[in-house]
Amino acid sequence: MSLRIYNTLTRRKEEFRPLEEGKVRIYCCGPTVYDYFHIGNARTFVFFDVVRRYLEFKGYDVRYVQNITDIDDKIINRAHEMGISPKEVADRFTQAYLEDSRSLLIKPPTVNPKATEHIPDMIELIKRLIDKGAAYVVDGDVYFDVRSFPEYGKLSGRSLDDLLAGARVEVDERKRHPEDFALWKSAKPGEPWWESPWGRGRPGWHIECSVMAMKHLGETIDIHGGGIDLIFPHHENEIAQSETATGKPFARYWMHVAFLRAGGRRMGKSEGNFIFVRDALKRFKPEAIRLFLLSAHYRSPLDYTEERLAEAEGAVSRLRNCLLNLKRFGAEGKVKGELAEEERKLADALEELKGKFEEEMDDDFNTAGAIGAIFDFVSHANKFIAENQGRFTDNARALMREAYETLLKLTDVLGIYREERRSGDEELISKLIDLIVEIRHEARQRKDWATADKIRDRLAQLGIKLQDTREGTIWRFED
RNA sequence: GGCGACGUAGCCAAGGGGUAAGGCAGCGGCCUGCAAAGCCGCUAUCACCGGUUCGAGUCCGGUCGUCGCCUCCA
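At position 225 of the first sequence the residue is numbered 260 (my numbering), and the sequence of numbers has no breaks.
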């Protein structure tokens with residue numbers, strides 16, 4: 036099966052062919068670290084995390100780069116507000132970004148390059164652009180001349196004339212054209228600066244990404260993406276700079292994630308309708324947040340409400356219950372001989388799941404469809420368990436084990452289920468709980484319901500949830 | 001003004017020419033010492049109008065509504 040990706044550049048779904056067989060290079064525009072990131076930002080980060088995981092699932096060797104913009108006007112402004120240095124602002128929120136990403140179960144990118152660690156490379160690239168006549172210096176600032184790049188507008192589908200007509204920007208008289216953008220900004224008093232051939236200053240935003248992408252992934256990358264708002268001007272400008280400098284296509288597939296909305300409007304810092312990931316995580320499991328963010332196709336807007344997150348929590352529980360049951364009732368072993376009819380059905384459902392999951396994900400990362408396939412199977416599995424509990428055959432147990440392992444793999448692509456890990460201490464705790472459950476079992480056999488209920492209630496208070504089934508009592512930590 | 005997205009059950013959402021996945025919620029039933037979980041059953045003609053077609057949420061045209069980009073923003 037082959038993966039198809041909607042390419043913003045061509046406005047079509049295209050078959051995905053990496054530049055180099057078996058390898059994929061992905062660049063996703065990361066945060067500007069002037070504040071914590073909110074779940075609208077997280078939509079993009081989680082989505083690209085899934086893109087990365089799915090490509091790895093398909094066997095690609097993935098190199099995934101997400102930058103950290105740690106020098107920018109917003110950081111400087113925030114520093115003034117907070118009464119600390121821009122570097123302190125950047126360091127603090129870089130740390131927070133790393134923590135929150137981890138909490139959201141985002142796999143660490145192969146590289147998380149920082150803009151400030153690539154200043155010399157940026158200066159080099161700017162020089163190249165000046166040498167090629169595509170950029171010019173004015174009073175210590177350097178601008179890119181958009182008219183020098185005939186294809187300017189190809190990503191966003193605009194012509195320079197369109198832009199001119201709709202321009203709401205105050206025109207800087209020093210620029211040759213209003214659309215020209217800064218590659219290098221001279222430092223005002225009190226601002227952070229680096230030495231450059233044009234005087235002290237700092238890089239413009241767009242050049243950062245071009246440089247970091249090329250530095251860590253090469254001059255042509257496979258997939259480049261970010262939020263839909265970055266199409267113009269950010270990515271348009273990246274293309275202009277990069278392709279002017281190298282003469283090669285900058286990125287082969289451009290992917291853009293639609294907005295998360297709240298209260299009918301785009302979730303954004305300036306709108307004041309956002310919720311930080313770290314705050315959401317205080318109330319909802321990361322799996323639930325991810326499930327919610329992946330519950331709609333990435334190119335469709337998604338509306339945020341707390342209720343939706345609570346619903347996702349319910350769905351995640353359903354999934355987890357099923358996984359735990361399959362794990363508990365499954366057993367090692369090869370399926371032998373003839374399968375009973377229900378077993379056949381379960382085996383078929385499992386095959387269907389595998390096929391459907393890939394089919395959906397191959398179709399431009401249709402995570403919502405993939406989730407549907409997973410839950411469709413959950414229903415089959417639950418039904419199988421309900422109907423056969425108390426009389427599982429060896430084949431049934433082997434099938435359930437297989438189903439468990441498959442489900443584990445697929446849910447891991449989306450990051451919506453985590454096996455509970457046990458530390459050494461927890462191993463001991465587990466054994467103690469097993470013992471208590473056994474004693475409760477004896478009480479139940481004596482019909483000593485008072486004792487049985489007391490044990491169950493008290494364990495529940497400790498966050499340990501018991502369920503009586505025909506196959507015995509199942510317990511789990513309720514986090 | 002230019003460019004674009006969206007409108008499918010109570011809520012969310014997949015599907016994108018052949019007769020409506022899935023989740024959440026609700027109601028009724030089953031299982032259970034009770035609980036929890038689960039199972040079974042019930043709940044949609046896809047914003048509206050017109051067209052193409054043997055056949056249209058699915059294609060075309062139009063209308064209405066919502067949102068976005070064009071300025072820092074994932």
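Positions of the beta carbon are idealized from the N, C-alpha and C atoms, including for glycine.
These figures come from a predicted structure and were not determined experimentally.
Remark: C-beta atoms of Pro-53 and Arg-60 approach each other more closely than 9 Å.
If you ignore the 5 residues before and after Phe-311, its C-beta comes within less than 6 Å of the C-beta of Tyr-71, His-73, all in its own chain and listed in chain order. Under DSSP, Glu-49 shares a beta bridge with Ile-40. In this structure, the beta-carbon distance from Glu-367 to Ala-433 falls below 9 Å. Looking only at Thr-281, Pro-227, Glu-230, the smallest Cα-Cα distance to Met-249 is reached by Thr-281. Bridge partners of Gln-502 according to DSSP: Ile-509.
Boundaries cannot be given for Pro-148, as no beta strand (DSSP E) includes it and DSSP labels it neither H nor E. Straight-line spacing of the CA atoms in Ile-266 and Lys-149 works out to 21 Å.
Distance check between Glu-373 and each of Asp-338, Leu-38, Thr-428, Asp-264 places Thr-428 closest, using alpha-carbon atoms only. The alpha helix (DSSP H) runs lying completely inside the stretch 234-313 and spanning 4 residues or more are 240-252, 271-281, given in chain order. Considering only Asn-360, Ala-438, Met-396, Arg-379, the residue with the shortest C-alpha distance to Thr-504 is Asn-360.
The beta carbon of Asp-176 sits closer than 7 Å to those of Ala-217, Trp-219, Lys-220, Ser-221, all from its chain and outside the five residues before and after it, given in chain order. Counting the other Cβ atoms within 10 Å of the Cβ of Asn-272 gives 16 or more, which makes it buried. In this chain, Ile-103 is not harboured by any beta strand (DSSP E), its DSSP state being neither H nor E. The alpha-carbon of Pro-143 is positioned some 9 Å away from that of Asp-84. A residue is called buried once 16 or more other Cβ atoms fall within 10 Å of its Cβ, and Glu-243 is buried on that count.
Comparing C-alpha distances from Lys-162 to each of Phe-128, Gln-276, Gly-57 shows the shortest one belongs to Gln-276. Assignment of beta strand (DSSP E) within the stretch 388-437, counting only whole runs of 3 or more residues, yields no such run. C-alpha of Arg-113 to C-alpha of Asp-126: approximately 13 Å in a straight line. Linking Met-247 to Ala-315 through their CA atoms gives a straight-line distance of about 31 Å. Glu-278 is the residue among Glu-278, Val-124, Trp-228, Ile-258 whose C-alpha sits nearest the C-alpha of Tyr-187. Judged by DSSP in its simplified three-state form, Arg-211 adopts coil rather than helix or strand. Rounded to the nearest angstrom, the gap between the Cα atoms of Pro-336 and Glu-454 is 31 Å. When C-beta atoms of the stretch 324-338 are compared with those of the stretch 403-412, three or more pairs fall below 8 Å, so the two segments count as touching. The beta-carbon separation of Phe-128 and Val-68, rounded to 4 Å, stays under the 8 Å limit for a contact. The Cβ-Cβ distance between Leu-494 and Cys-357 does not fall below 9 Å. For Ser-221, there is no enclosing alpha helix (DSSP H); the enclosing beta strand (DSSP E) covers residues 216-221. Look at His-73 here: in three-state DSSP terms it is strand. C-alpha of Gly-459 to C-alpha of Lys-466: approximately 11 Å in a straight line. Within the DSSP bridge table, the entry for Asp-196 names no partner. Taking all protein chains shown into account, Trp-510 has 16 or more neighbouring C-beta atoms within 10 Å of its C-beta and is therefore buried. Bridge partners of Asp-338 according to DSSP: Arg-296. For Asn-308, the closest of Leu-140, Tyr-452, Asn-76, Gly-236 by C-alpha to C-alpha distance is Asn-76.
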